[in-house]
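Presented below is the structure to which this report refers.
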Amino acid sequence: MGERLSNAKYVSFSGNKLTGPIPTSLCQENNPMMNLDLSNNTLSGTIPAQFGNCKSLLSLNLGVNRFMGVLPDTLWEAINLGSLQLNDNQFEGFFPDFIEGLKELEFLNLGSNKMEGKILEVVGNLSKHHILVLKSNYFNGSIPKTITQLKNLQFMDLSQNQIVGSIPLQLSGFPALLQKQIKGYLLGYIIELMYLSFELEMVSKGSELLFSTVHSYNTKLDLSENHLEGEIPKEIGNLQGLYMLNLKFILLQGQKLHCKSYT
2 MGERLSNAKY VSFSGNKLTG PIPTSLCQEN NPMMNLDLSN NTLSGTIPAQ FGNCKSLLSL
62 NLGVNRFMGV LPDTLWEAIN LGSLQLNDNQ FEGFFPDFIE GLKELEFLNL GSNKMEGKIL
122 EVVGNLSKHH ILVLKSNYFN GSIPKTITQL KNLQFMDLSQ NQIVGSIPLQ LSGFPALLQK
182 QIKGYLLGYI IELMYLSFEL EMVSKGSELL FSTVHSYNTK LDLSENHLEG EIPKEIGNLQ
242 GLYMLNLKFI LLQGQKLHCK SYT
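Each residue of the sequence shown is one higher than the one before, starting from 2 at the first, in this note's numbering.
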């Protein structure tokens with residue numbers, strides 16, 4: 002399969018009955034592929050180190066398969082990656098430090114795997130990041146304060162982990178959540194999200210999307226089912242652009258939040 006697709010730019014085999022490992026020939030050197038979607042199959046094995054050869058790759062979706070093992074460090078060589086979806090597999094190991102080199106990354110989904118350890122401070126270097134999903138793993142330690150450097154963050158799900166400590170006060174200062182926006186620019190490639198019981202599809206590189214839809218239905222901070230404790234920063238109530246805040250099943254205290262605009 003890999004050799005026959007050596008010149009293809011957009012490849013999708015999502016939702017089929019593919020089995021077995023990914024052919025190493027799929028990402029040969031100087032491969033022009035920009036989008037690869039193998040999600041919702043029963044593929045297995047590990048991610049080939051050769052994926053680093055795909056320098057043109059903008060979007061990689063391997064979600065909902067049976068992949069396992071540690072994420073290869075060579076992924077940092079795919080420096081143009083804007084979307085990396087590896088959710089609902091059996092990946093192990095620690096939070097990948099190679100993401101520091103993925104300066105174009107806007108969407109990272111490592112949810113529902115078997116990853117562990119601390120969420121690294123390097124996550125704060127993803128200056129273009131909009132969506133961060135790390136839910137349902139074994140991540141521990143505290144929420145890194147550098148996470149508040151993600152000025153474009155609109156959706157963060159850290160639920161169902163083993164995160165400890167308090168909620169950083171700085172979480173109340175995400176610029177993209179402080180106020181409602183009428184319109185703006187969001188992710189520059191096809192992304193499918195199944196959160197909040199609906200599917201939101203964002204398409205077309207550089208196209209203008211109405212944030213009346215995006216902000217109203219797709220802004221979220223989810224820290225639920227962790228080991229956080231302490232007080233809820235009252236300033237979180239100032240996030241007028243936030244649609245969903247989930248803090249259930251964690252040992253928090255404090256006054257009732259006065260939320261100006263959760264619509």
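From the three backbone atoms N, C-alpha and C, an ideal C-beta is built for every residue, glycine too. Only a predicted model underlies this, so the values are computations on that prediction, with no experimental measurement involved.
query, result
"Top-ranked residue by Cα proximity to L44, from G53, A50, E30, G16", "G16"
"Where G242 falls, given that 16 or more other Cβ within 10 Å makes a residue buried", "buried"
"Residues near L135 in its chain [Cβ-Cβ closer than 6 angstroms; skip 5 each side]", "L111, L159"
"Cβ pair I100, G125 closer than 8 angstroms", "no"
"E230 - partner residues in DSSP beta bridges", "L252"
"Span of the beta strand (DSSP E) around L222", "221-223"
"Where I120 falls: helix, strand or coil (DSSP)", "coil"
"Environment of E226 [buried if 16+ CB atoms lie within 10 Å]", "buried"
"Beta-carbon spacing of V71, D89 below 8 angstroms", "no"
"Reference S113, options Q161, K129, T220, closest by Cα", "Q161"
"Uninterrupted alpha helix (DSSP H) stretches inside the region 109-183 (no shorter than 4 residues)", "176-179"
"Span separating the alpha-carbon of Q155 from that of P33", "31 angstroms"
"Segments assigned beta strand (DSSP E), at least 3 residues, entirely inside the region 40-107", "43-46, 60-62, 67-71, 84-86, 91-93"
"Same chain, Cβ closer than 7 angstroms to A9, five either side skipped, listed in chain order", "M34"
"Among Q180, L82, T47, R67, nearest to S60 - alpha-carbon criterion", "L82"
"Contacting residues, own chain, Cβ-Cβ under 8 angstroms from W77 (five flanking each side not counted)", "G53, F99, I100, E101, G102, L103"
"Neighbourhood of N41 by C-beta distance below 6 angstroms, restricted to the same chain and skipping five residues each side", "S15, G16, V65"
"Enclosing beta strand (DSSP E) for M35 [first to last residue]", "From DSSP, M35 is part of no beta strand (DSSP E); its letter is neither H nor E."
"Assigned exposure category for P176 - 16 Cβ within 10 Å defines buried", "exposed"
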